[in-house]
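Per our numbering: the sequence shown = residues 1194 to 1425.
Here a beta-carbon is modelled for each residue, glycine too, at the ideal position from N, C-alpha and C.
All values derive from a computational prediction rather than experimental measurement.
Take a look at the structure set out below.
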Amino acid sequence: MPTVFPPPTPARDTAAPPRSLQKGQQTRSAILEAALGLASHMGLEGLSIGALAELMGMSKSGVFAHFGSREELQISVVREYHAKFEEEVFYPAMAEPRGLPRLAGLFERWVRRVAVEIDSGCIYISGAVEFDDRPGPVRDALAGMVQTWQDALARAIDLAVAEGHLRPDTEAAQLLFEVHGLILALHHDARFLRNPDSIARARRAFDRVIAAHATEAGQQALLQRAAGASAR
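What follows is the structure, encoded as structure tokens:
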């Protein structure tokens, strides 16, 4: 399986860029942050150069100069969302031991992110609804980011099997499907139905799904993880 979510490239010790370039990068970052906020509430299709210009107190041409087109703006927002997802969900979970503790860490951090996004929305999910039948670069960017995340989960499942935490006959693709389905159900019930029990139900469902495949060693690893979390 190809490597997914490679570690960030270390910063190079080079001379500082010209002040004008720094200012341009800062302005672009500020526009992108505002665009991400808009897209989280209004969807990627709700983004426009005009709306961003008004929000930022800039001219349309000023915003346009940083992205070149509405489509490039949408793709940049998808990439920014993915980068934040990596920082909050993927990389912290990599500090957990290989096997079920790491898989559980990935799921738990994913649940926490959904909890934060109840009032805004998940661009991975809302974007899939907006672009599922609309071929093009934006859909390709979205699908590529989601596939990268699914590959990371599949890798975590494979490692759990290799560590002896999941039974050898565990079908990774099926388990991945079920775990991803739990997040979709959580997002639907928490955001659309406003069910206050949805987060607790998602966690219980994950425990049941894993218990159906876990070995004794895997269950013990999860107990140790829970004990460590309680001690902190």
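Any idea what DSSP makes of alanine 1223, helix, strand or coil?
helix
Using 10 angstroms around the beta-carbon of serine 1252, count the other beta-carbons present and answer buried if the total reaches 16, otherwise exposed.
exposed
Short check: CB of leucine 1335 to CB of glycine 1320, under 7 Å?
Going by C-beta atoms, leucine 1335 is nearer than 7 Å to glycine 1320.
Would you kindly work out how many angstroms separate the C-alpha atoms of valine 1270 and isoleucine 1376, rounded to a whole number?
22 Å
Beta-ladder partner(s) of leucine 1248, from DSSP:
Paired residues: none, contrary to the question.
Inter-residue spacing [alpha-carbon to alpha-carbon] between proline 1195 and arginine 1418
Because the pLDDT of proline 1195 is 40, which lies under 50, any placement of that residue in the model is unreliable, and the number read from its coordinates should be weighed accordingly. Their backbone Cα atoms lie some 28 Å apart in a straight line.
Do the segment 1405–1419 and the segment 1331–1348 touch if we need at least three Cβ pairs shorter than 8 Å?
no
At the level of alpha carbons, what is the spacing between valine 1256 and arginine 1221?
8 Å
From Phe1283, Ser1313, Ile1311, residue whose alpha carbon lies closest to that of arginine 1302
Phe1283
Counting pairs of beta carbons, one from the segment 1366–1374 and one from the segment 1312–1327, are three or more of them closer than 8 Å?
Taking a cut-off of 8 Å for Cβ pairs, the segment 1366–1374 and the segment 1312–1327 do not touch, as fewer than three such pairs fall below it.
Based on Cα-Cα distance, which residue from Ala1383, Ala1353, Met1249, Tyr1274 lies nearest to leucine 1415?
Ala1353
Residue range of the unbroken alpha helix (DSSP H) whose run includes proline 1330:
1330–1355
Neighbourhood of alanine 1420 by C-beta, 6 Å cutoff - its chain only, sequence neighbours within 5 removed:
Counting only Cβ-Cβ distances below 6 Å, and skipping sequence neighbours, we find nothing.
How would you label valine 1309, buried or exposed, when you count the other beta carbons within 10 angstroms and need 16 or more for buried?
Its Cβ having fewer than 16 others within 10 Å, valine 1309 is exposed.
Of the listed residues Arg1396, Ile1224, Asp1351, nearest to valine 1304 (C-alpha basis):
When only C-alpha atoms are compared, the closest one is Arg1396.
Glutamate 1323: first and last residue of the uninterrupted alpha helix (DSSP H) it sits in:
Run containing glutamate 1323: 1316–1324, per the alpha helix (DSSP H) assignment.
For threonine 1202, is the classification buried or exposed, using 16 other Cβ atoms within 10 angstroms of its Cβ as the cut-off for buried?
In this prediction, threonine 1202 scores a pLDDT of 45, lower than 50, which makes its location untrustworthy; the coordinate-derived value is nonetheless stated afterwards. The residue is exposed, with fewer than 16 neighbouring Cβ atoms inside 10 Å.
Does the distance from the C-beta atom of leucine 1245 to that of alanine 1232 stay below 7 Å?
No, they are not a contact pair.
Between Leu1379, Phe1385, Asp1351, which has its C-alpha nearest serine 1391's C-alpha?
Leu1379
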